[in-house]
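Listed in order, the protein sequences are those of chains A and B. For the first sequence, the numbering used here gives the first residue as 1, with consecutive numbering after it. For the second sequence, the numbering used here gives the first residue as 1001, with consecutive numbering after it. From the three backbone atoms N, C-alpha and C, an ideal C-beta is built for every residue, glycine too. These numbers come from a predicted model, not from an experiment.
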Amino acid sequence: MNAVELINFNSQYSRNKVLRNINLIFAPNAITAIIGPSGCGKTTLLRSINRTAEMESSYKNQGDIKVLGQSVFTIKDVSRVRRQVGLVYQTPIALPFSIKENVLFGPKYYGEKKPANLNFILEDCLQKAALWDEVKDRLDKPASQLSGGQKQRLAIARTLAVKPQVLLLDEPCSSLDPASTGLIEELLQSLAHELTIIIVTHNLFQARRIANETVFILDGEVIEKGPTETLFTSPVSEKTKNFTAGLFG
Amino acid sequence: MRLRNFFDSLLIGILWLSGLFILLILLAIIVYLVWRGGPFVSMEFLLTSPKGLPLGSEGGVFPAIKGTLWLIGLALAWSLLPALATAIYLSEYHDNSRIATLINLLIQSMAGVPSIVIGLFVYALGVVALGWGISLLAGSLALAIMIFPVLAISSRDALQAIDQDYRLVATSLGVGNSYTLLRIVLPQAVPGILAGILLATGYAAGATAPIMVTAAAIIANSSGVLLEPVMALPYHLYILFNEHISLDQAYATALVLVGLLLIINFLALWLQRLSERTNAQ
């Protein structure tokens, strides 16, 4: 089954068309990178998948998006979609709680009360987010004390804590130093064994390093999609060639 | 370049001086009150009723302190919840921005209504039409109407000042609005809301016009019975001045009023610290 599938998907803010006739299939347990110049609709695409784009009142869409075979628009309870499809933002955001409470914010909302279970989730998610060793002695300290790279990994742990099946990341490393970026790329690669990961990135090298497949979007349209190496070394479209060669961006 | 530096220092100097000027005026008021009223403030003054002939020329202001506290407390009790609810609606829930604009406009107009007009309205409605008479109930209601816009606007701004990203993160975890509001937004906004409450308290404590026609009496027990008139510090002060009863007593009363507000301010600051400490955990 396809993890995420967009079928004839269009979206717009007021009259401003952002995405046109998108048909995409994202494979399960793999990393797919979405590349393209600023304003091409990458972020809107991500937000459409977990239905947070709809929070903007001028947003409209046509077409369908399926997650694990089910159309996200037929699910009445929109929070179920958002839980299933986690989204990590560009700026690292720590909620105004302790490190521990940041991770457990979601699970507690969903009714998990047993301390043993909560502790398991806490350690498990921080381990997966490659943050456990750095914070295990100060779980009760305010998360605001963490560095940018740590906060971003905390955001990933917080998202993992509600057990999503798909993880969306919107330029997660754009404000981070190379060391933190490296850590996050590693952890994404290990997460890809159990999750479907879709990452929007401005960093072509990053896409090349971690993505199994890459999608190139320009002006709201999919120009090309294929295995990452193929897309970078022998692109079909002239536009893809120019973009990956750094001629525009 | 040198000219620009000069203008920079000039600007900073002017800003400094204006701040200093305000501080000096504030200090002057307090020093003057302590100088004129201080000698007449004693335990007896604080803890007894007005005496003498004309009434108020001797004795103390105890019922007026009690009355003012009752008025402020009840005014907050009536208006805090509606104001908070309005603020939460305006900052968190309005999908239809036209309704929100209308409500904002209404609140702003409400803030512009002169307090004596509010007093007269409550007089006509509560004191006369509903037959409450001059009473604590009517006075506190008038004050509640008066401070409602202050509370609503300051709480709205406090809520809106909370990082929008927190709501975004919560939503994208599938967490519901009300949970986010209770766990993140409201606790974070407490210092701002508290500051608004303080402002409103000071405003209500010093207001004379709305209680003149609805609640205040020259002498009363002020024991908190809703349908009885009360004494209040600003009204007492007004009578002492206006009827030339005793300037000394008037200054002492003014000092007590200012002191009361200072105590309330310190209490609020302390509460704020406390809530920040629990928030940090």
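Beta carbon proximity, residue i to chain A, threshold 8 Å
i          : result
B/Leu-1186 : no
B/Val-1175 : yes
Under 9 Å by beta carbon: chain A residues contacting residue i
i          : result
B/Ser-1178 : Result: empty, since nearest Cβ-Cβ is about 11 Å, beyond 9 Å.
Residue i to residue j span [Cα, whole Å]
i          : j          : result
B/Ser-1135 : B/Pro-1229 : 4 Å
A/Asp-77   : B/Tyr-1089 : 22 Å
B/Val-1128 : B/Thr-1214 : 10 Å
B/Gly-1038 : B/Ala-1252 : 6 Å
A/Ile-7    : A/Lys-42   : 16 Å
A/Leu-168  : A/Tyr-110  : 21 Å
B/Ala-1195 : A/Leu-24   : 52 Å
A/Leu-176  : A/Leu-187  : 15 Å
B/Leu-1261 : B/Met-1212 : 20 Å
A/Thr-233  : A/Leu-45   : 25 Å
B/Gln-1281 : B/Leu-1255 : Low local confidence applies: a pLDDT of 47 at B/Gln-1281 is under 50, so the model's placement there is unreliable, and no value is given.
B/Thr-1101 : A/Tyr-13   : 22 Å
A/Asn-102  : A/Gln-189  : 23 Å
B/Leu-1257 : B/Met-1001 : 52 Å
B/Val-1185 : B/Ala-1152 : 16 Å
A/Pro-227  : B/Asp-1008 : 58 Å
B/Ser-1172 : B/Gly-1206 : 47 Å
A/Gln-165  : B/Leu-1137 : 59 Å
B/Gly-1067 : B/Tyr-1179 : 39 Å
B/Trp-1132 : A/Lys-151  : 59 Å
B/Asp-1248 : B/Thr-1048 : 16 Å
B/Arg-1273 : B/Val-1190 : 11 Å
A/Asn-286  : A/Gly-220  : Since the first residue of chain A shown is 1 and the last is 249, residue 286 of chain A is not available in this structure.
B/Ala-1158 : A/Ile-223  : 46 Å
A/Asp-108  : A/Phe-120  : Here the sequence assigns Lys to residue 108 of chain A, which means Asp is not the residue at that position. Rounded to the nearest angstrom, the two C-alpha atoms are 13 Å apart.
A/Ala-157  : A/Val-236  : 38 Å
A/Glu-56   : B/Leu-1168 : 12 Å
Contact set between residue i and chain A, taken where Cβ atoms lie within less than 8 Å
i          : result
B/Asp-1165 : Tyr-89, Thr-91 and Ile-93
B/Gly-1019 : Simply none; closest approach about 30 Å.
B/Val-1169 : Tyr-89, Ile-93, Leu-95, Ala-155 and Arg-158
Residue range of the beta strand (DSSP E) that includes residue i
i         : result
A/Arg-20  : 16 to 26
A/Phe-308 : Outside the shown range of chain A, which is 1 to 249, sits residue 308 of chain A, and nothing can be said about it.
A/Phe-216 : 213 to 218
A/Lys-254 : Only positions 1 to 249 of chain A appear in this structure, which leaves residue 254 of chain A out of reach.
A/Thr-32  : 31 to 35
A/Lys-225 : 221 to 227
A/Thr-201 : No beta strand (DSSP E) contains A/Thr-201, which DSSP labels as neither H nor E.
A/Leu-168 : 166 to 170
Residue i: first and last residue of the uninterrupted alpha helix (DSSP H) it sits in
i          : result
B/Ala-1075 : 1062 to 1088
B/Ile-1193 : 1186 to 1206
A/Glu-134  : 132 to 135
A/Val-78   : 78 to 84
A/Pro-178  : 178 to 191
B/Met-1043 : 1043 to 1047
Closer than 7 Å: residue i CB and nearest the ligand ATP heavy atom
i          : result
B/Gly-1038 : Among the components modelled here there is no ligand, and therefore nothing to report on the ligand ATP.
Interface residues of chain B facing residue i [CB-CB closer than 7 Å]
i        : result
A/Met-55 : Thr-1171
A/Ser-48 : Correct list: empty, because the minimum Cβ distance to chain B is about 13 Å.
is_contact[residue i, chain B] using C-beta, thresh 8 Å
i         : result
A/Arg-82  : yes
A/Val-162 : yes
A/Val-79  : Going by the sequence as given, residue 79 of chain A is Ser instead of Val. Chain B, which has a Cβ nearer than 8 Å to the Cβ of A/Ser-79, makes this yes.
A/Gly-149 : no
A/Thr-52  : yes
A/Lys-76  : no
A/Gly-111 : no
A/Cys-106 : Note on residue identity: the sequence assigns Gly, not Cys, to residue 106 of chain A. Chain B contact via Cβ: present.
CB contact below 8 Å: residue i versus chain C
i          : result
B/Glu-1044 : Any reference to chain C falls outside this structure, whose protein chains are A and B.
Per the contact definition of three or more C-beta pairs closer than 8 Å, is the stretch 1081 to 1091 of chain B in contact with the stretch 1062 to 1072 of chain B?
-> Too few Cβ pairs lie closer than 8 Å, so no.
Inspect the CB distances between the stretch 214 to 227 of chain A and the stretch 32 to 40 of chain A and report whether three or more fall short of 8 Å.
-> Output reads yes: the stretch 32 to 40 of chain A touches the stretch 214 to 227 of chain A.
May I ask you to verify whether the stretch 110 to 127 of chain A touches the stretch 47 to 65 of chain A, counting CB pairs closer than 8 Å and requiring at least 3?
-> Touching, no.
Report yes or no: do three or more beta-carbon pairs, one from the stretch 1051 to 1071 of chain B and one from the stretch 1221 to 1241 of chain B, lie closer than 8 Å?
-> With a cut-off of 8 Å, the stretch 1221 to 1241 of chain B and the stretch 1051 to 1071 of chain B count as touching, because enough Cβ pairs lie within range.
If you pair each beta-carbon of the stretch 1185 to 1201 of chain B with each one of the stretch 1103 to 1116 of chain B, do three or more pairs fall below 8 Å?
-> No, they do not touch.
So, do the stretch 1020 to 1039 of chain B and the stretch 1215 to 1229 of chain B have three or more beta carbon pairs nearer to each other than 8 Å?
-> Output reads no: the stretch 1215 to 1229 of chain B does not touch the stretch 1020 to 1039 of chain B.
Okay, do the stretch 139 to 152 of chain A and the stretch 77 to 86 of chain A touch, 3+ Cβ pairs below 8 Å being the bar?
-> Cβ pair count under 8 Å is below three, so no.
Is the number of C-beta pairs between the stretch 1 to 21 of chain A and the stretch 67 to 76 of chain A that are closer than 8 Å three or more?
-> Touching, yes.
Counting pairs of Cβ atoms below 8 Å between the stretch 1116 to 1128 of chain B and the stretch 1142 to 1155 of chain B, do you hit three or more?
-> With a cut-off of 8 Å, the stretch 1142 to 1155 of chain B and the stretch 1116 to 1128 of chain B count as touching, because enough Cβ pairs lie within range.
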